[in-house]
Amino acid sequence: MAAAGHDVQLPHVAIFPFMARGHTVPMTHLACLLRRRGLATVTFFSTPGNAPFVRGQLDDDVAVVELPFPDHVVARGAAECVEALDSLFPLPAFVEAVSALRPGLEVSLAAARPRVGLLVADAFLHWAHASAAALGVPTVAFLGGNMFATIMRDVILRDNPGRRAAVWRRRPPRRQRSPFPEFSARSTSRSPTSRSLQPPVPGGNGLIVNTFDAMEGRYVEHWNRDHRAGPRAWPIGPLCLAHGGTGTGTGAVEPSWMKWLDEKAAAGRAVLYVALGTAMAIPDAQLREVAGGLEAAAAAGVYFLWAVRPSDADLGAGFEERVEGRGMVVREWVDQWRILQHGCVRGFLSHCGWNSAVEGVAAGVPLAAWPMGAEQPLNAMLVVDELRVGVRVPVPTAMATGGHGVVGSEVIARVARELMMMAGEGKGGGGGEEARNVAALASKAREAVAEGGSSWKALEEMVATLCRPVEGDTPKPTK
Numbered sequence: 001m002a003a004a005g006h007d008v009q010l011p012h013v014a015i016f017p018f019m020a021r022g023h024t025v026p027m028t029h030l031a032c033l034l035r036r037r038g039l040a041t042v043t044f045f046s047t048p049g050n051a052p053f054v055r056g057q058l059d060d061d062v063a064v065v066e067l068p069f070p071d072h073v074v075a076r077g078a079a080e081c082v083e084a085l086d087s088l089f090p091l092p093a094f095v096e097a098v099s100a101l102r103p104g105l106e107v108s109l110a111a112a113r114p115r116v117g118l119l120v121a122d123a124f125l126h127w128a129h130a131s132a133a134a135l136g137v138p139t140v141a142f143l144g145g146n147m148f149a150t151i152m153r154d155v156i157l158r159d160n161p162g163r164r165a166a167v168w169r170r171r172p173p174r175r176q177r178s179p180f181p182e183f184s185a186r187s188t189s190r191s192p193t194s195r196s197l198q199p200p201v202p203g204g205n206g207l208i209v210n211t212f213d214a215m216e217g218r219y220v221e222h223w224n225r226d227h228r229a230g231p232r233a234w235p236i237g238p239l240c241l242a243h244g245g246t247g248t249g250t251g252a253v254e255p256s257w258m259k260w261l262d263e264k265a266a267a268g269r270a271v272l273y274v275a276l277g278t279a280m281a282i283p284d285a286q287l288r289e290v291a292g293g294l295e296a297a298a299a300a301g302v303y304f305l306w307a308v309r310p311s312d313a314d315l316g317a318g319f320e321e322r323v324e325g326r327g328m329v330v331r332e333w334v335d336q337w338r339i340l341q342h343g344c345v346r347g348f349l350s351h352c353g354w355n356s357a358v359e360g361v362a363a364g365v366p367l368a369a370w371p372m373g374a375e376q377p378l379n380a381m382l383v384v385d386e387l388r389v390g391v392r393v394p395v396p397t398a399m400a401t402g403g404h405g406v407v408g409s410e411v412i413a414r415v416a417r418e419l420m421m422m423a424g425e426g427k428g429g430g431g432g433e434e435a436r437n438v439a440a441l442a443s444k445a446r447e448a449v450a451e452g453g454s455s456w457k458a459l460e461e462m463v464a465t466l467c468r469p470v471e472g473d474t475p476k477p478t479k
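By full-length UniProt numbering, the letter at position 309 of the sequence shown is numbered 309, and the numbering carries on one by one without gaps.
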């Protein structure tokens, strides 16, 4: 295996994501950023089933190495990505199946020329860090979440279960609250699924965090200064901004959803983007309530684009026909960053996964936070209560404490209308407080990734500090 590119004297960085698109996409942005800034040659590990998508996200000078699953795993019919699972219930088995890639990774790392100077592996892949360490390769973990949620989970679960976090001893947040019930009930669960959703932070040499100083600077500072056992955190985001370009991938044909957005922009319409995650399957009953709420909002003048998973989700008979012209349902993977960047997209109804939260902020789009599980309630806490760049979707008490229930269509309709009214006439600071706040934060995000910005410097410093220089003979570069 030889890294692609002409600058073979540069350090060689290998990148290995967890097999979920929400984890993979920001790591492809990182790969392109390392190459475009001339900081390293880059090899990107993937599986055969995920490789076409990965190649479509990467620049040509990033090498892709495929790690096939062993035959015994293939024979069991294991999925190659989280999105292929029917729900999150098989996730522990999927995480275990992914560990079958370990021998192939070790062979590839050992054979790599030039030698790998740094492995960036997802925090889910704790065994990859152990394998690299055994080969003498420095590692840094890519944290799929943020520092706020990581610290809060650490403090609440290990130091003060059921009590207020001690993080705030030096500087309390604007509004002190008791721990969120949905965090206490769901995120402290010891079930295999819950543990799989909350990977331990590997020891390694550091943590890459897709965040920036203006968004989480004091939490990064707290971690690096006070955390008793954690590796250093490097805030290098938002990677969606640092990547540059539009992320169109391969092919020149514009997708139907982009054409639809262009039409709405030309007509002077503001659009609500709705995406409730790709990893967690939402019951059909809840999806039909969302559909009913969006239909009611559309009747009141709200235009919406809804990215739905799974592709065969039942939204109710005739729904798509009734909202035609005012609403569009997309049943395929969409480039969320392109959508959020579109000038007519003024609001984002989101499950508040971290990628979605940081992309919404970077695009200057206020959010309606509807956390579904895992660390998402904490992300919502940061977005709504700390940064004040969004509003919360009210949920029934039973759901908030980890039980069953649905958010009714009338709630969805009300939140959609309020969010779009608060968003104002356009991006850039108009509208309500949340819209003004997110516009200001988006400006600071662009400053962070610009040359000389905090995230720009953090990436450069991380490579210089952690990456082992190229040693010995280097082969001629390959395309």
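In this text, a Cβ means the ideal position worked out from N, Cα and C, and glycines have one as well.
Between glycine 206 and leucine 466, the C-beta gap is smaller than 8 angstroms, which places the two residues in contact. CA-CA distance, histidine 12 to glutamine 286, rounds to 47 angstroms.
Between the region 314-332 and the region 352-360, the count of C-beta pairs closer than 8 angstroms stays below three; the two stretches do not touch. When the Cα atoms are used, tryptophan 223 and isoleucine 151 turn out to be separated by approximately 7 angstroms. Residue environment: aspartate 60 is assigned as exposed (fewer than 16 neighbouring CB atoms within 10 Å of its CB, all protein chains considered). Assignment of alpha helix (DSSP H) within the region 353-389, counting only whole runs of 4 or more residues, yields 354-363, 376-380 in chain order. Residue environment: serine 311 is assigned as exposed (fewer than 16 neighbouring CB atoms within 10 Å of its CB, all protein chains considered). Between histidine 404 and glutamine 376, the gap from beta carbon to beta carbon reaches 8 angstroms or more. When the Cα atoms are used, alanine 112 and alanine 296 turn out to be separated by approximately 57 angstroms. C-alpha of arginine 346 to C-alpha of tyrosine 273: approximately 8 angstroms in a straight line.
The way I'd put it, the region 24-42 doesn't touch the region 123-137; fewer than three beta-carbon pairs between them come closer than 8 angstroms. Across the structure, valine 95 and aspartate 122 are spaced so that their CA atoms are roughly 12 angstroms apart.
Histidine 404: not part of any beta strand (DSSP E); DSSP gives it neither H nor E. Here alanine 413 has Gly293, Ala296, Ala297 as same chain residues with Cβ atoms under 7 angstroms from its own Cβ, once five neighbours each way along the sequence are excluded. The straight-line gap separating the alpha-carbon atoms of valine 389 and tryptophan 257 is approximately 26 angstroms.
Excluding five sequence positions before and after lysine 264, the CB atoms of its chain that fall closer than 7 angstroms to its own CB belong to Val271, Tyr303, Cys344, given in chain order.
By the C-beta density criterion, glycine 318 is exposed, having fewer than 16 other C-beta atoms within 10 angstroms.
For leucine 39, the CB contacts under 6 angstroms within the same chain, skipping 5 residues up- and downstream, are Val463 in chain order. Within its own chain, the residues whose Cβ lies closer than 7 angstroms to the Cβ of valine 383, once the five positions on either side in sequence are excluded, are Cys352, Ala357, Leu367, Ala369, Val389, Gly390, listed in chain order. Closest in alpha carbon position to proline 371, among Val107, Ala110, Ala380, Ser455, is Ala380.
Taken through DSSP and simplified to helix, strand or coil, threonine 211 comes out as coil. A residue is called buried when at least 16 other Cβ atoms come within 10 angstroms of its Cβ; glycine 268 does not meet this threshold and is exposed. Between alanine 51 and valine 64, the beta carbon gap of about 6 angstroms places them in contact (Cβ cut-off 8 angstroms). Pairwise C-beta distances place the region 205-220 in contact with the region 141-155, as three or more of them are shorter than 8 angstroms. In this model, arginine 468 and methionine 147 are separated by some 26 angstroms (Cα to Cα).
Around the C-beta of glutamine 9, fewer than 16 other C-beta atoms lie within 10 Å, and the residue is accordingly described as exposed. Looking only at Leu239, Glu434, Val98, the smallest Cα-Cα distance to phenylalanine 348 is reached by Glu434. Pairing isoleucine 15 with valine 120 gives a Cβ-Cβ distance under 8 angstroms.
Separation of arginine 153 and valine 209 (C-alpha to C-alpha, rounded to the nearest whole angstrom) is 16 angstroms.
For leucine 30, the secondary structure class from DSSP, reduced to helix, strand or coil, is helix. In the three-state reduction of the DSSP assignment, isoleucine 412 falls in the helix class. Between the C-alpha atoms of leucine 67 and proline 17 there is a straight-line separation of about 12 angstroms. Residue environment: arginine 225 is assigned as exposed (fewer than 16 neighbouring CB atoms within 10 Å of its CB, all protein chains considered).
Counting other Cβ atoms within 10 Å of its Cβ, glutamate 460 stays below 16 and is therefore classed as exposed.
Excluding residues up to 5 positions away in sequence, Val407 lie with their Cβ nearer than 6 angstroms to the Cβ of valine 395 in the same chain. Taking the CA atoms as reference points, leucine 135 sits about 55 angstroms from serine 409.
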